[in-house]
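**Q** The numbering of the sequence shown is our numbering, which starts it at 2 and goes up by one. For each residue, glycine too, the CB sits at the ideal point set by N, CA and C. Just so we're clear, the structure is a prediction, and the values are computed from it rather than from any experiment.
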Amino acid sequence: MTLRRGITGTGKMQSRRDFLKLAGLGAAAALAPRFSHAAAVGDKPNILFIMSDDHTSQAVGAYGSRLAKLNPTPVIDTLAKEGMLFENAFCTNSICTPSRASIITGQYSIANGVLDLGGSIAPENQYLAIEMRKAGYCTAMVGKWHLKKEPNFDYYSVLPGQGKYHDPVFREKADGKPFGRNVVKMTGHSSDRITDITLNWFKNIRDKSKPFFLMHHYKAPHDMFDNARRYDSYLEDVDIPEPENLWKQPRFGSIATRGHNDELLPYIGTSIGRRNLRRNYTKSYARDKSLSDAAAKRLAYNVYLKKYLRCVKGVDDNLKRLFEYLRKEGLMDNTVIIYTGDQGFMLGEHDYMDKRWMYDESHRMPFLVRYPKTIKPGSRTDAIVENVDYGPTMLDFAGIKTPDCMQGASFKSICETGREPASWKKAAYYRYFMHMAHHDNPSHFGIRTKTHKLIFYYGCSPSGANQTPPGWELYDLVKDPKEVVNVYDDPKYAKIVAELKTQLAALRKKYGDTDEKFPAMKKVIDEFWDYGPAARKRAIEISHEMLERKKNPPPRRRRNRKNK
Ligand SMILES: [Ca+2]
């Protein structure tokens, strides 16, 4: 297969029509002429999009969390010092493949079809890369890709699937063989090799007559965390600061996340401590049964955080190498440099691990952008931006209008002025589909404004199967930024709940995420939307039914489960 075959105008218009149909935008919009953009490159800035896997904002020093005192990311922090920090950048579906799909297409999961880890993006639908090339950019993708199909870039060298931490293999475009057979084996740690590949591309491969658009993606610090050996003693003698809600949060959550009277706590949301033993670090690293629950939890927490932060350190040190090269070559200041993670990550907050949740630590993405020509050093914004907006923003920096197929919008003017246009979005929309997969997270969707977050755990798979108790949670982010008091049932918040439900329904309609294709799931959502007495009674029954299933599970069938 050649790349060119995949990017014909016909293929693109077809996918755009499908999208418009899905989004219910009608015939007039579908027939509107597409704009064209000149191929001339002139003084267009280079664009370097750096993304790590699961690097959460709490583990970026510039975000000032409890971990900032460990100085985990001195190099990444320079982007905040010399550029802008986004306090409220959010993913639309907190897991690897869907987040990457939203970035490359500018579309929410329901529109690009990547609802879960099984999805992929065909070369002709990799709009961000295609538009950059059309605008005269030399395009490259290096590192973790995870969108399965061949990257539609002038150059790529990508890890297959998750890739390996040590001695990784890459699929390398320059190898010339068809995608999947173009394998190059390397030795050493993936963060080091990914940086080497990028530096080699800068020196020997890129077309220097064009501006560049490079996506430079680390595998680290995704689990199963495995740092380069030189970091084995990093933080060895440090007690990692703990979040208060690792230990105590009596008013956190709902029947959806705790079960009726907490009866499902061992089964929902994988934990740091002994609460839920699936994929659990206490089980793996604090096996001594004589340890108290608290001692085992503290030990497991330190192992989990240290392994994670050692991987982060490897990323940060490698970026030092990359930035030194850019400085030496005079590329630092005419390049828009972005640093982000593909989602956030729970580092023991709420006694949770992994991502997937809509709680801030998992929902938020670190997002730093440096471009001294137009972005003020040391600036910050609390504007709400989503990963679907990343593509439009980078295209805007390249002088390209947002293509019609993208649902996101450019926030370049926010980067440059710190001010939000009056029409800018006031809320982020979130949806997680992979019901109870891997880390026992019930499916949910919700809305987050600057002041509140409303989450609806409808709790079933798209087929309606494996029902967990539906429930609602509301957090007052002004009074309760750590999200430990669910105020959904507090009468003082009834008006806010009603307003947010109306906004949430409107966003679902706007983004075409209303589940007509999944009637069984839609029925559950409709039944529990108002959450009156009958629905609450039924949720309690479902909680009991789930407990019964967990205590007396049906015989296991043999199956091959794909890991993430
Ligand atoms: Ca990820």
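Helix, strand or coil for Met366? Go by DSSP, reduced to three states.
**A** coil
**Q** Does the region 386 to 404 come within contact of the region 457 to 474, defined as at least 3 CB pairs closer than 8 Å?
**A** In short, these stretches do not touch, since the Cβ pair count stays below three.
**Q** For Phe412, does the three-state DSSP call read helix, strand or coil?
**A** coil
**Q** Counting by C-beta, which residues lie closer than 5 Å to a heavy atom of ligand 1, in chain order?
**A** Asp54, Asp55, Cys97 and Asp343
**Q** For a quick check, are the C-beta atoms of Phe171 and Ile385 less than 8 Å apart?
**A** no
**Q** What ranges does the beta strand (DSSP E) occupy inside the region 170 to 204, keeping only unbroken runs of at least 3 residues that lie completely in it?
**A** 170 to 173 and 184 to 186
**Q** With 16 other CB atoms within 10 Å as the buried threshold, where does Trp248 fall?
**A** Exposed, because fewer than 16 other Cβ atoms sit within 10 Å of the Cβ of Trp248.
**Q** Roughly how many angstroms separate the alpha carbons of Glu549 and Gln468, rounded to a whole number?
**A** 13 Å
**Q** Rounded to whole angstroms, how far is the Cβ of Tyr489 from the Cβ of Val479, which I believe are closer than 8 Å?
**A** Actually they are not in contact, since the Cβ atoms of Tyr489 and Val479 sit about 16 Å apart, beyond 8 Å.
**Q** Thinking just about the alpha-carbon of each residue, which of Pro169, Arg134 and Asn281 is nearest to the one in Phe213?
**A** Arg134
**Q** Sorted by chain position, which residues of the same chain lie with C-beta nearer than 8 Å to Tyr494's C-beta, five sequence neighbours on each side aside?
**A** Leu475, Asp477 and Val488
**Q** With 8 Å as the threshold, decide whether the Cβ of Arg231 is near any Cβ in chain B.
**A** Looking at the structure shown, chain B is missing, and only one protein chain is on hand.
**Q** State the Cα-Cα distance for the pair Pro556 and Asp491, rounded to the nearest angstrom.
**A** Taking the Cα positions, Pro556 is about 42 Å away from Asp491.
**Q** Could you check which residue in His167, Arg194, Asp155 and Gln163 has the C-alpha nearest to that of Ala175?
**A** With distances taken between Cα atoms, Ala175 lies closest to Asp155.
**Q** By the DSSP assignment, the alpha helix (DSSP H) with Met547 in it spans what residues?
**A** Pro534 to Lys552
**Q** Less than 8 Å between the beta carbons of Thr450 and Ala423, yes or no?
**A** Thr450 places its beta carbon 8 Å or farther from that of Ala423.
**Q** Buried or exposed, going by whether 16 or more other CB atoms sit within 10 Å of the CB of Lys454?
**A** Looking at its Cβ environment, which holds 16 or more other Cβ atoms inside 10 Å, Lys454 is buried.
**Q** With C-beta atoms as the reference, is His261 less than 8 Å away from Ile541?
**A** Contact: yes.
**Q** Is Pro352 helix, strand or coil when you go by DSSP?
**A** Sequence inspection shows Asp at residue 352; the Pro mentioned does not correspond to that position. Looking at Asp352 - three-state DSSP - the assignment turns out to be helix.
**Q** What three-state label does DSSP hand Ser53 in the structure shown?
**A** strand
**Q** Over what stretch of residues does the beta strand (DSSP E) that includes Trp473 continue unbroken?
**A** Gly472 to Asp477
**Q** Report back the beta-carbon spacing between Val370 and Gly144 to the nearest angstrom; my notes put them in contact at under 8 Å.
**A** That pair is no contact at about 19 Å.
**Q** If the criterion is Cβ atoms closer than 8 Å, does the pair Ala102 and Tyr512 meet it?
**A** no
**Q** Write down the C-beta distance between Pro75 and Leu310 rounded to the nearest angstrom, noting that I regard them as a contact closer than 8 Å.
**A** Rounded, the Cβ-Cβ distance is 13 Å, inconsistent with contact.
**Q** At what residues does the beta strand (DSSP E) containing Tyr433 begin and finish?
**A** Tyr433 -> beta strand (DSSP E) spans Ala429 to Tyr433.
**Q** Between the beta-carbon of Gly177 and the beta-carbon of Asn183, is there less than 8 Å?
**A** yes
**Q** Distance check for Ala536 and Asp240, CA to CA, integer angstroms please.
**A** 45 Å
**Q** Would Asn47 pass as a contact of Thr403 if the rule is Cβ separation under 8 Å?
**A** no
**Q** Check each candidate in Leu80, Gly65 and Glu88 and name the one with the smallest Cα separation from Pro378.
**A** Leu80
**Q** Can you tell which of Met142, Leu200, His147 and Gln163 has its C-alpha closest to the C-alpha of Asn153?
**A** Met142
**Q** Let me confirm a value: Gly114 is counted as buried when at least 16 other C-beta atoms fall within 10 Å, else exposed. Which label applies?
**A** buried
**Q** Report back the beta-carbon spacing between Asp294 and Arg275 to the nearest angstrom; my notes put them in contact at under 8 Å.
**A** 5 Å
**Q** Buried or exposed for Pro179, please, with buried defined as at least 16 other CB atoms from any protein chain shown within 10 angstroms of its CB.
**A** exposed
**Q** Taking the beta carbon of Gly107 as the centre, do at least 16 other beta carbons fall within 10 Å, making it buried, or is it exposed?
**A** buried
**Q** What's the gap between the Cα of Leu32 and the Cα of Asp405?
**A** Summary for Leu32: the model assigns pLDDT 31, below 50, so the residue's position carries little reliability, and this model does not support an answer.
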